[in-house]
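Residue numbers (our numbering): 201 to 416.
Quick reminder that beta carbons are idealized off the backbone N, C-alpha and C, glycines included.
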């Protein structure tokens, strides 16, 4: 409802038959939020007809394709957006996700690294970069990266659970248990995340005891 209302307001923001690229792009984004892919793409393209160098409209089309699980096609649009504006951590992280989905792991790692360079205060790049390294068994490197996300968002339980999983994988049990206590105190319900990373942990009595202590 709010996005439909926003569309109407954006349509009133320019004189009749004289739309601005910004208004058209905003309307496209509203349709994107409404998951009306065809309308969203139409408005992003209209914005680019007026201003071919509008990075937001290129990026928006990439997001549409990514949402439709078409990452290979999304790559072109994310790269184009970055070519026009390379200082967006959001753009680099989106490119990293698409590269990873199509199996370009090295390119994904490079994109996430770039995301952390241009937007060091955005946790997305740090978390996603660490997750790939964790999957590859590079636990110590993953730990270094996820620690940045934890520092940025100390009250985000999800990051603490990830940190705990990485520490457990690396054999750093004392630190892992400390991290788990923090995570449990922040959000007990999210502890199932730990078992998503480490299914075998459900069989660990000591870990179960610690988790049960925090059950409200």
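Next item on the list: Please specify which runs of the beta strand (DSSP E), each continuous and at least 3 residues long, are wholly inside the segment 362-386, giving them in chain order.
Entry: none
Checklist line | Start and end residues, alpha helix (DSSP H) containing residue 285 | finding: Residue 285 sits at position 85 when you count from the first residue of the chain shown. From DSSP, residue 285 is part of no alpha helix (DSSP H); its letter is neither H nor E.
Notebook entry, point to check: Which same chain residues, not among the five before or five after residue 349, have their C-beta less than 6 Å away from its C-beta?
Noted result: Walking along the chain shown from the start, residue 349 turns up at place 149. Taken in chain order, the residues that qualify are 323, 326, 327, 359.
Notebook entry, point to check: What is the DSSP secondary structure of residue 306, counted as helix, strand or coil?
Noted result: The residue labelled residue 306 in the question sits at position 106 within the chain shown. Helix.
Next item on the list: My understanding is that residue 261 touches residue 244, with C-beta atoms under 8 Å, so please give their C-beta distance in whole angstroms.
Entry: Along the chain shown, read from residue 1 onward, the residue named residue 261 stands at position 61. Along the chain shown, read from residue 1 onward, the residue named residue 244 stands at position 44. That belief holds up - the Cβ atoms of residue 261 and residue 244 are roughly 5 Å apart, short of 8 Å.
Next item on the list: Look at residue 298 and residue 331 and say whether their C-beta atoms are less than 8 Å apart.
Entry: By one-based count along the chain shown, residue 298 stands at place 98. By one-based count along the chain shown, residue 331 stands at place 131. No, the Cβ-Cβ distance between residue 298 and residue 331 is not below 8 Å.
Check: Where residue 317 and residue 216 are concerned, what is the direct C-alpha to C-alpha distance, given to the nearest angstrom?
Finding: Sequence index remark: in the chain shown, residue 317 carries index 117 (1-based). Sequence index remark: in the chain shown, residue 216 carries index 16 (1-based). Near 43 Å, if we compare the C-alpha coordinates of residue 216 and residue 317.
Next item on the list: Please report the residue range of the alpha helix (DSSP H) in which residue 257 lies.
Entry: As a first step, residue 257 is located in the chain shown; it is residue number 57 there, counting from the start. Taken as a continuous stretch (DSSP letters only), the alpha helix (DSSP H) holding residue 257 covers 255-267.
Item checked: Buried or exposed (CB count within 10 angstroms, at least 16 for buried), residue 210 -> Locating residue 210 in the chain shown gives position 10, counting from the first residue. That one is buried.
Notebook entry, point to check: Exposed or buried, what is residue 308 when buried is set at 16 or more other beta-carbons lying within 10 Å of its beta-carbon?
Noted result: Along the chain shown, read from residue 1 onward, the residue named residue 308 stands at position 108. Buried, since its Cβ has 16 or more Cβ neighbours within 10 Å.
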